[in-house]
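Visitor:
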């Protein structure tokens, strides 16, 4: 009896002891779970936040050590994305979370939007590390031997992009409103996608300079009578320059120093030295006066309208230019109307809008007014032109969808508030970033197709 009681007490105490240990262990595990102590949006230029997975860490719905975190993409899947040959599998980092354990997690999304979540970034917020590292999604390429006179092979089919597709998050098509089949384009930059190796040119419509963007070229450039490059066609090649068919252009700065030159060659037949050029055009269909304006050296602007009425073949036209600088506009929210509903991660006062936040178009007059003589203060005329252009669209639609707790969709509309525009920018010089204030209004519904020429947004 005593022995049986002793065994019973022993087993009971053992069970109690095991239960106590288990309880202590459970409490310790719960206490060891990390907690997020701070979160903030990343505000550096979007292109500096392009990253690639290293394959060393998985992607989670929450920082990985926080209670309730679930796997979005396993470590093995992230390794596949790390070694992908597709630009769509790069990531954009847009916010950062820090835990009470001192760990840093970045919230990232793939360029095609397929995968979104948190990934471990190490113990320092100074640079991307551990699960992700910085990525160069494009590489500079050589310009073609001829950079002017290109045409779109099909304006409706071959459009321009504000960045080669998937090399920037939410890269968009450029509005082709007003572009004609006869418009010619000038190439100013060339790049290849780092992963695919495909070639793109950055082109500008010579007749409508507000229309510019990247277009797929294909496998490269060839000199020929007629060349088709992706969505571009190069017309009949120009003849060799002679005194009988060409005009030389020399660009001079304020000190009288030559800063650039070009040669315009007529497409007209049977011209000779000394003949007036009149309204003749070159093989690309560009007049001498337009050619002079389009061919000016980079970062310079014409000091005055060039008179070509007396220009003759075999002679030189001297063109005075001044150093130029082009400003961009920082769009800042100074008023938020959220009466329509409450959404996750809403916009707030003093938030700065990026080109990926909205679909905005600035008129040619507004874009032209952003360029002026380097070092000079903005003229009142140009400030007024920019202000008028900003207000012309009335309400600008946002390009992001927000959701409330019930999953209902919303987007923002942004309305320019011009009252303080001139005073906010009266001390700004050409090349400085201008400030424009906008009211953000939350609107229920889903976004439709939007277009933008947003290269002017800081």
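In mature numbering (1 follows the signal peptide of the UniProt record, and there is no 0), the protein residues as written are -30 to -1, 1 to 428. Beta carbons are placed, not taken as given, at the ideal position from N, Cα and C, and that holds for glycine.
(1) Would you tell me roughly how many angstroms separate the C-alpha atoms of residue 373 and residue 338, rounded to the nearest one?
(2) Distance, Cα to Cα, residue 346 vs residue 400?
(3) Going straight from the alpha carbon of residue 383 to that of residue 7, what length do you get?
(4) Does residue 48 come out as helix, strand or coil in the three-state DSSP assignment?
(5) Distance check for residue 241 and residue 133, CA to CA, integer angstroms please.
(6) Residue 356 by DSSP, collapsed to three states: which one?
(7) When you compare only the Cα positions, how much space is there between residue 79 and residue 371?
(8) Just to confirm before moving on: does the CB-CB distance between residue 157 and residue 178 stay below 8 Å?
(9) Count the other C-beta atoms from every protein chain shown that fall within 10 angstroms of the C-beta of residue 34, then say buried if there are 16 or more, exposed otherwise.
(10) Select from 256, 245, 299 and 182 the residue whose C-alpha is nearest the C-alpha of residue 234.
(11) Should the segment 386 to 403 be regarded as contacting the segment 321 to 335, the criterion being three or more beta carbon pairs within less than 8 Å?
(12) Hey, could you find the ends of the beta strand (DSSP E) residue 87 is sitting in?
(13) Between the segment 221 to 240 and the segment 87 to 94, are three or more C-beta pairs nearer than 8 Å?
(14) Using the Cα positions of residue 299 and residue 248, report the straight-line distance between them to the nearest angstrom.
(15) Would you say the segment 162 to 171 touches the segment 307 to 326, given that touching needs at least three Cβ pairs under 8 Å?
(16) Taking the alpha-carbon of residue 426 as reference, which of 379, 417, 85 and 324 has the nearest alpha-carbon?
(17) For residue 60, tell me which candidate among 104, 37, 363 and 46 has the shortest Cα-Cα distance.
(18) Does DSSP classify residue 260 as helix, strand or coil?
(19) Return the CA-CA distance between residue 102 and residue 416, expressed in angstroms with no decimal places.
(20) Using the C-alpha atoms, what's the distance from residue 136 back to residue 20?
(21) For residue 393, which of helix, strand or coil comes out of DSSP?
(22) What residue range is occupied by the uninterrupted alpha helix (DSSP H) comprising residue 337?
(23) Within the same chain, show all residues whose beta-carbon is closer than 8 Å to that of residue 10, passing over the 5 residues directly before and after it, in chain order.
(24) Within a Cβ cutoff of 6 Å, which residues of the same chain sit near residue 194, ignoring the five residues on either side of it in sequence?
(25) Beta-carbon separation of residue 280 and residue 243 under 8 Å?
(26) Alpha carbon to alpha carbon, how far is residue 127 from residue 143? Give it in angstroms, no decimals.
(27) Mind reading off the beta-carbon distance from residue 292 to residue 271? Whole number of angstroms is fine, and I expect it under 8 Å.
(28) For residue 351, name the three-state secondary structure that DSSP assigns.
(29) Nearest by alpha-carbon distance to residue 369: which of 264, 139, 405 and 111 is it?
(30) Does the Cβ of residue 175 have 16 or more other Cβ atoms within 10 Å, making it buried, or fewer, making it exposed?
Guide: Per the coordinate set shown:
(1) Stepping through the chain shown from its first residue, residue 373 is reached at position 403. Stepping through the chain shown from its first residue, residue 338 is reached at position 368. If you take the alpha carbons of residue 373 and residue 338, they lie about 38 Å apart.
(2) On the chain shown, position 376 is the one that residue 346 refers to. On the chain shown, position 430 is the one that residue 400 refers to. If I take the Cα positions, the gap works out to 6 Å.
(3) Locating residue 383 in the chain shown gives position 413, where the first residue counts as 1. Locating residue 7 in the chain shown gives position 37, where the first residue counts as 1. The alpha-carbon separation between residue 383 and residue 7 amounts to approximately 32 Å.
(4) As a first step, residue 48 must be located in the chain shown, where it is residue number 78. Note: residue 48 maps to helix in three-state DSSP.
(5) Your numbering for residue 133 matches position 163 in the chain shown. Your numbering for residue 241 matches position 271 in the chain shown. Distance between the alpha carbons of residue 133 and residue 241 is about 43 Å.
(6) Mapped onto the chain shown, residue 356 falls at position 386. DSSP places residue 356 in the helix class (H, G or I) of the three-state scheme.
(7) Locating residue 79 in the chain shown gives position 109, where the first residue counts as 1. Locating residue 371 in the chain shown gives position 401, where the first residue counts as 1. When rounded, the distance between both Cα atoms is 15 Å.
(8) As a working mapping, residue 157 is identified with position 187 in the chain shown. As a working mapping, residue 178 is identified with position 208 in the chain shown. Contact flag unset, no.
(9) Position 64 of the chain shown holds residue 34. Residue 34 comes out buried.
(10) Taking the first residue of the chain shown as position 1, residue 234 is located at position 264. It is 256.
(11) In short, these stretches do not touch, since the Cβ pair count stays below three.
(12) In the chain shown, residue 87 corresponds to position 117, counting from 1. Unbroken beta strand (DSSP E) run through residue 87: 86 to 90.
(13) Contact fails: fewer than three Cβ-Cβ distances are below 8 Å.
(14) To locate residue 299, count along the chain shown from 1; it is residue 329. To locate residue 248, count along the chain shown from 1; it is residue 278. One C-alpha to the other measures close to 40 Å.
(15) Per the Cβ contact rule, the segment 162 to 171 is not in contact with the segment 307 to 326 (fewer than 3 Cβ pairs under 8 Å).
(16) Locating residue 426 in the chain shown gives position 456, where the first residue counts as 1. Among 379, 417, 85 and 324, the Cα nearest to that of residue 426 is on 324.
(17) For the purposes of this step, residue 60 is identified with residue 90 of the chain shown, where counting begins at 1. The shortest Cα separation from residue 60 among 104, 37, 363 and 46 belongs to 104.
(18) What you label residue 260 is simply residue 290 of the chain shown in a count that begins at 1. In the three-state DSSP reduction, residue 260 falls in the helix class (H, G or I).
(19) As a working mapping, residue 102 is identified with position 132 in the chain shown. As a working mapping, residue 416 is identified with position 446 in the chain shown. Taking the straight line joining both Cα atoms gives about 32 Å.
(20) Here residue 20 refers to the residue found at position 50 when the chain shown is read from its first residue. Here residue 136 refers to the residue found at position 166 when the chain shown is read from its first residue. Roughly 11 Å between the two C-alpha positions.
(21) Taking the first residue of the chain shown as position 1, residue 393 is located at position 423. In the structure shown, residue 393 sits in a helix (DSSP, three-state: H, G or I).
(22) Numbered from its first residue, the chain shown carries residue 337 at position 367. For residue 337, the enclosing alpha helix (DSSP H) starts and ends at 334 to 338.
(23) Against the chain shown, residue 10 aligns to sequence position 40. 65 and 66, listed in sequence order.
(24) The residue you call residue 194 lines up with position 224 of the chain shown. Residue confidence for residue 194 is low, a pLDDT of 39 falling below 50, so the modelled location carries little weight and cannot support an answer.
(25) Mapped onto the chain shown, residue 280 falls at position 310. Mapped onto the chain shown, residue 243 falls at position 273. Cβ atoms of residue 280 and residue 243: not closer than 8 Å.
(26) Taking the chain shown and counting its residues from 1, the one referred to as residue 143 is at position 173. Taking the chain shown and counting its residues from 1, the one referred to as residue 127 is at position 157. Distance between the alpha carbons of residue 143 and residue 127: 11 Å.
(27) In the chain shown, counting from the first residue as 1, residue 292 sits at position 322. In the chain shown, counting from the first residue as 1, residue 271 sits at position 301. That pair is a contact at about 6 Å.
(28) The residue given as residue 351 occupies position 381 in the chain shown. Helix at residue 351.
(29) Here residue 369 is taken as the residue at index 399 of the chain shown, counted from 1. When each option's Cα is compared against that of residue 369, the closest is 139.
(30) Along the chain shown, one-based indexing puts residue 175 at 205. Label assigned to residue 175: buried.
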